[in-house]
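K.L.:
First the structure, which I've put down as structure tokens, then a few questions once you've had a look.
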């Protein structure tokens, strides 16, 4: 049974702060991990993905992966009100599909 | 690049009718398209995976005779909800994987909100 766990939140951070979003997964076979952002009533949009242990940076976003601990995280630096959304963690399964967590709702307070 | 469209964006129908939803990859060829369903405050649940020219693979618990999927070309997949009932009311989202991408990113369409009266 595949599981992806995320703190549902809401996670509230002040504007300009760092938001830290965490995700643990159960499928040790997962090799790639995707972070999506979903605004209320909209479909998900890809933020970034990571496949190697360590950090991967893309603008204000940094993904961190630790396969031994089955843990992946997303850091958002200089958080903006427009970052307020639900963030979905999605490991890739052995069937080349994505298995989505329930997401963490982030609120950035101006 | 990597734009996926869906049509219609919303639909209201009477119980017992069928509804067709189209998913198109506009600027790339999609080797695989996925259909998800999302109920309020829940995560995306994969319904089925379709590859161009072959039958769709349905996830456990999804009725293939109720949710008909056709993937006729590398840019178009359709989902038909047959004999829709109020419990089928949901947000249906398709995604597509581009041929040639190494890491299997999926790009999502804007979704179709289905309301069955």
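Residue numbers (this note's numbering), protein chains in the order written: chain A, -13 to 96; chain B, 11 to 127.
Every residue, glycine too, gets a C-beta built ideally from N, C-alpha and C.
1. If residue 122(B) and residue 31(B) are in contact, beta carbons under 8 Å, what's the gap, nearest whole angstrom?
2. Roughly how many angstroms lie between the CA atoms of residue 2(B) and residue 69(A), to the nearest whole one?
3. Would you list, in chain order, the members of the segment 41 to 63 of chain B that have their beta-carbon closer than 9 Å to a beta-carbon of chain A?
4. Cutting at 6 Å between CB atoms, please list the residues of its own chain near residue 8(A), excluding the five before and the five after it.
5. Name, going along the chain, the residues of the segment 26 to 40 of chain A whose beta-carbon falls closer than 9 Å to a beta-carbon of chain B.
6. Going by CA-CA distance only, name the one from 41(B), 49(B), 27(B) and 26(B) that's closest to residue 102(B).
7. Where does residue 0(A) fall in DSSP's three states?
8. Flag residue 39(B) as yes if its beta-carbon sits less than 8 Å from any beta-carbon of chain A, otherwise no.
9. Any Cβ of chain A within less than 8 Å of the Cβ of residue 116(B)?
10. Kindly list the residues whose CB is nearer than 8 Å to the CB of residue 24(A), restricted to its own chain and excluding five residues on each side of it in sequence; keep chain order.
11. Within 10 angstroms of the Cβ of residue 47(B), are there 16 or more other Cβ atoms? Answer buried if so, exposed if not.
12. Work out the CA separation of residue 28(B) and residue 38(A) for me, nearest whole Å.
13. In angstroms, rounded to a whole number, what distance separates the CA positions of residue 117(B) and residue 53(B)?
14. Leaving out five residues before and five after residue 41(B) in sequence, what residues of the same chain have Cβ atoms less than 8 Å from its Cβ?
15. Let me confirm a value: residue -11(A) is counted as buried when at least 16 other C-beta atoms fall within 10 Å, else exposed. Which label applies?
16. I need the straight-line Cα distance from residue 11(A) to residue 125(B), nearest angstrom please.
17. Which word fits residue 13(B), buried or exposed, when buried means at least 16 other C-beta atoms lie within 10 angstroms of its C-beta?
18. Any idea what DSSP makes of residue 73(B), helix, strand or coil?
19. By DSSP's criteria, residue 116(B) is part of a beta bridge. Which residues make up the other side?
20. What residue from 4(A), 94(A), 3(A) and 19(A) has the CA that sits closest to residue 50(A)'s CA?
21. Which bits of chain A does residue 103(B) rub up against, with CB to CB less than 9 Å?
P.N.:
In terms of the structure at hand:
1. The C-beta distance from residue 122(B) to residue 31(B) rounds to 5 Å, short enough to fall under 8 Å.
2. As shown, chain B starts at 11 and ends at 127. That puts residue 2(B) outside it, with no answer to give.
3. The residues in question are 42, 44, 46, 48, 51, 52, 53, 54, 55, 56 and 59.
4. Only 59 meet the Cβ criterion.
5. Those would be 27, 28, 29, 30, 31, 32, 35 and 37, in chain order.
6. Selection 41(B), 49(B), 27(B) and 26(B) evaluated against residue 102(B) yields 49(B) as nearest (Cα-Cα).
7. In the structure shown, residue 0(A) falls within a strand segment according to DSSP collapsed to helix, strand and coil.
8. Answer no: the Cβ-Cβ gap between residue 39(B) and chain A never drops below 8 Å.
9. Yes, residue 116(B) counts as interfacial toward chain A.
10. Answer for residue 24(A): 30, 31, 71, 72, 73, 74 and 89, listed in chain order.
11. Residue 47(B) comes out buried.
12. If you draw a straight line from the Cα of residue 38(A) to the Cα of residue 28(B), it comes to about 45 Å.
13. A direct Cα-Cα distance of roughly 16 Å separates residue 117(B) from residue 53(B).
14. The beta carbon of residue 41(B) is closer than 8 Å to those of 61, 62, 84, 107, 108 and 109 in its chain, skipping five residues each way along the sequence.
15. By the neighbour-count rule (16 or more Cβ atoms within 10 Å), residue -11(A) is not buried but exposed.
16. If I take the Cα positions, the gap works out to 33 Å.
17. Exposed is the label assigned to residue 13(B), since fewer than 16 other Cβ atoms lie within 10 Å of its Cβ.
18. In the structure shown, residue 73(B) sits in coil (DSSP, three-state: anything other than H, G, I, E or B).
19. When beta bridges are read from the DSSP output, residue 116(B) appears opposite 107(B).
20. Ranking the options by Cα distance to residue 50(A), first place goes to 19(A).
21. By Cβ distance, chain A contributes 29 and 30.
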